[in-house]
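Sequences listed follow chains A and B, in order. Numbering-wise (full-length UniProt numbering), the first sequence opens with residue 1 and increments by one. Numbering-wise (full-length UniProt numbering), the second sequence opens with residue 1 and increments by one. Ideal placement from N, C-alpha and C gives every residue a C-beta, glycine not left out. Structure record follows, encoded as structure tokens.
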Amino acid sequence: MEQLYQQVILDHSKARSGEGELDSPHGASFQVNPTCGDECTVQVSLEGQRLAQLAWSGKGCSISQASLSLMYEMVDGEPLEQAEQLGETFRELIHNRGHELTPEKMELLEDLSAFTGVGRYSARVKCALLGWMALREALAQARHHTGASGQPPQTQA
Amino acid sequence: MTDLLDLAGDFPLLSRTVREGKPLVYLDTGATSQKPGQVLDAERAFNERHNAAVHRGAHQIAEEATEAFESARSAVAAFVGADFGEIVWTKNATEALNLVSHGFLNASLGRGGADAARFKLAPGDEIVVTELEHHANLVPWQELAAKTGAKLRWIPVTPEGRLDLEQLSVITDRTRVVAFTHASNVTGAVTEVAPVVERAKSVGAYTVLDACQSAAHMPVDLHDLGVDFAAFSGHKMLGPTGVGALYGREELLQALPPFLTGGSMVEVVTMEETTFMPPPQRFEAGTQMVAQTVGMHAAVDYLSAVGMERLAAHEDHMGQLLLEGLAEVPGVRLLGPTSSAQRLAVIAFDVPGVHPHDVGQVLDDQGIAVRVGHHCAQPVHRRFGVHASTRASAGVYTTTADVEAFVKGLHQVVKFFA
């Protein structure tokens with residue numbers, strides 16, 4: 001159990017960062033986990049090629065809430081490409097059935113590496129990725145609205 | 001005190017271990033029950049000895065298969081207090097409920113001739129459901145309302161999680177259908193059927209009962225209850241998946257237009273049109289789930305041998321133990337009646353500050369299987385101001401030891417997330 005619920009996950013699920021709403025986001029996405037009704041909304045606004053602001057709201061289990069909270073801390077204010085790359089690496093980790101990725105990728109993930117164990121529980125994969133699905137969609141929308149160039153990296157479900 | 005029933009040994013799956021060697025504590029019977037060896041054996045024996053297409057073929061095995069199929073219908077009918085011709089096989093209860101709602105829809109579109117006119121719905125008519133329903137007995141009625149222009153109304157739920165029988169005035173002269181659950185799969189509350197049926201009858205509305213939870217856990221006599229239609233499923237009552245049944249009063253099934261059409265349900269087919277067989281065949285299009293009906297036959301035989309009164313008494317005791325155990329865990333909020341009277345051993349609850357997924361995960365780590373989520377009943381969760389809940393539900397095989405393990409596990413959950 002302690003492997004799944006790493007301290008950093010428990011901490012972030014209680015003291016969450018980045019909850020709120022933006023006044024005029026460039027992109028927003030609402031996602032729901034139909035098996036349990038968990039939901040989240042992620043809003044983003046861009047400045048050129050930078051994810052200038054991110055805010056999220058939602059309700060869900062500790063895994064989904066901690067994932068959103070950490071996502072905020074790691075991508076808010078960062079270059080778009082970096083945020084999207086992080087999202088893809090995180091997806092890869094969660095789909096890796098509980099095994100770590102290469103040391104370089106684990107380093108990139110920083111605290112998100114605490115989610116490694118989630119991949120062992122197929123029922124929880126969606127929980128960990130819910131916020132990141134919203135982020136991906138919100139960013140695609142924002143790129144479209146702002147005309148920010150560049151393509152998001154290759155994606156996997 | 002020893003348990004009234006000690007039947008876990010009949011259920012092969014219950015002897016397995018989970019999560020690295022932990023004995024399984026199965027408290028998710030409300031979602032699907034485990035199956036006794038008798039049911040598994042019956043299906044296998046049918047497939048090994050008697051498998052053939054039913055109602056066709058002049059060979060001996062086809063006759064045997066048809067005999068097995070129809071004798072299963074007979075056994076299931078007797079089990080729920082219905083006549084042979086009043087039971088229609090469906091793949092599950094959801095299909096059974098859709099069969100009724102689509103029968104009404106097809107009648108509303110003019111199908112079924114003069115006989116079916118009694119099922120016509122139009123703008124100005126109303127369909128009454130309840131806030132307690134499983135989505136299977138809600139969404140088909142929403143769809144029927146949207147397609148016919150009828151209005152959907154609903155009976156609310158009391159703070160205790162029962163149908164609010166003070167609010168039966170929702171059923172009016174405009175009401176054509178009243179669809180309601182016999183026992184909630186969330187609050188466990190058993191509905192007092194008589195007042196609902198009486199009120200519906202007084203305004204000439206048809207009644208449709210979701211008997212999925214009840215048929216498996218208490219004696220049910222559909223003729224006594226006086227409902228017009230009822231649905232239940234095999235897999236919730238120790239039988240196989242892939243088989244369920246619709247009960248319909250004979251006179252109504254005679255008049256109801258078919259839902260699924262195609263092979264096996266027709267008399268004369270020309271390029272222009274088709275005449276349909278009488279019920280129940282009219283509603284059994286395509287190749288049927290024969291082995292599953294044989295399994296369901298074995299399931300109702302098993303339940304009858306145990307005795308539904310004894311089973312209900314045993315499960316009532318398990319329900320009491322669950323409720324007492326839950327009350328000891330600090331902060332936990334029960335969604336449903338606090339006493340085991342007029343209630344099934346289906347115990348849904350909220351652990352404030354801990355999401356049901358997390359509750360279920362920590363229980364699972366101890367080998368305890370419960371349901372988490374909205375249990376296909378979002379409106380009643382909304383009624384209680386929660387998104388989702390954790391649910392422990394007992395069955396014929398549940399033991400005091402299972403309940404003790406669950407209560408201990410729940411204390412562990414609260415400690416873990418404190």
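query, result
"Interface positions of the region 56–73 of chain A facing chain B (Cβ-Cβ less than 9 Å), listed along the chain", "K59, G60, C61, S62, I63, S64, Q65"
"Cα-Cα separation between B/V351 and A/C40, rounded to whole angstroms", "21 Å"
"Neighbourhood of B/A298 by C-beta, 6 Å cutoff - its chain only, sequence neighbours within 5 removed", "Q38, V39, A42"
"Cutoff 8 Å; reference B/V306; Cβ partners in own chain excluding five residues on either side", "L5, L7, V396"
"Within chain A, the residues that B/G373 reaches when beta carbons sit closer than 8 Å", "T35, C36, G37"
"Where B/G269 falls, given that 16 or more other Cβ within 10 Å makes a residue buried", "Residue identity differs from the one stated: residue 269 of chain B is Val in this sequence, not Gly. Classification of B/V269: exposed, given that the 10 Å Cβ count is below 16."
"Any chain A beta carbon closer than 7 Å to B/A388", "yes"
"Given 8 Å, three or more beta-carbon pairs between the region 281–299 of chain B and the region 233–252 of chain B", "yes"
"DSSP three-state assignment for A/G20, whether helix, strand or coil", "coil"
"Distance CB(A/L80)-CB(A/Q49) smaller than 7 Å", "yes"
"Terminal residues of the alpha helix (DSSP H) in which residue 419 of chain B lies", "For chain B, the structure presents residues 1 to 418; residue 419 of chain B sits outside this window and is missing."
"Local Cβ density within 10 Å of A/A71, reported as buried at 16 or more and exposed below that", "In the sequence under discussion, the amino acid at residue 71 of chain A is Met, which differs from the Ala named in the question. A/M71 is buried by the Cβ-count criterion."
"For A/A28, the residue or residues it bridges with in DSSP", "A/Q43"
"Below-7 Å beta-carbon distance, A/M1 vs any chain B residue", "yes"
"Continuous beta strand (DSSP E) assignments of at least 3 residues falling wholly in the region 80–126 of chain B", "87–90"
"7 Å Cβ cutoff, B/D358 in contact with chain A", "yes"
"With 16 other Cβ atoms within 10 Å as the buried cut-off, status of A/E19", "exposed"
"Whole runs of the beta strand (DSSP E) within the region 327–374 of chain B, excluding any shorter than 3 residues", "346–350, 371–373"
"DSSP state of A/A157 mapped onto helix, strand, coil", "With a pLDDT of 47 at A/A157, under the threshold of 50, the modelled position of this residue cannot be trusted; read the value that follows with caution. DSSP places A/A157 in coil when its eight states are reduced to three."
"Expected contact under 8 Å - CB spacing of B/A394 and B/V372 to nearest Å", "The Cβ separation is near 17 Å, so there is no contact."
"Inter-stretch contact at 8 Å, needing at least 3 Cβ pairs: the region 45–60 of chain B / the region 29–37 of chain B", "no"
"Straight-line gap, B/E67 to B/G385 (C-alpha atoms, nearest Å)", "51 Å"
"Closer than 7 Å at the beta carbon, the chain A residues around B/H355", "G60, C61, S62"
"Own chain, CB closer than 7 Å to A/A157, minus 5 neighbours either side, in chain order", "Summary for A/A157: the model assigns pLDDT 47, below 50, so the residue's position carries little reliability; its value from the coordinates is reported in the next sentence. Nothing listed; no residue qualifies."
"Run of the beta strand (DSSP E) containing B/F229, from where it starts to where it stops", "229–233"
"Simplified DSSP assignment, three categories, for B/K151", "strand"
"Pairwise C-alpha distance: B/E95 and A/S67", "38 Å"
"Interface residues of chain B facing A/C127 [CB-CB closer than 7 Å]", "H357"
"Collapsed DSSP secondary structure at A/T116 in the structure displayed", "helix"
"Within chain B, partners of A/L130 - CB distance below 8 Å", "Residues of chain B passing the Cβ test: none, with the nearest at roughly 11 Å."
"contact_flag[the region 257–272 of chain B, the region 106–119 of chain B] where n(CB pairs < 8 Å) is 3 or more", "yes"
"Nearest-angstrom Cα separation, counted from B/I368 out to B/L225", "36 Å"
"The region 347–364 of chain B touching the region 401–417 of chain B, judged by at least three CB pairs closer than 8 Å", "yes"
"In chain order, each alpha helix (DSSP H) run of at least 4 residues that lies wholly inside the region 193–246 of chain B", "193–202, 212–217, 222–225"
"Within-7 Å CB hit, residue 419 of chain B to chain A", "Nothing can be reported for residue 419 of chain B, as the shown portion of chain B is limited to 1 through 418."
"Neighbourhood of A/H145 by C-beta distance below 8 Å, restricted to the same chain and skipping five residues each side", "H26, G27"
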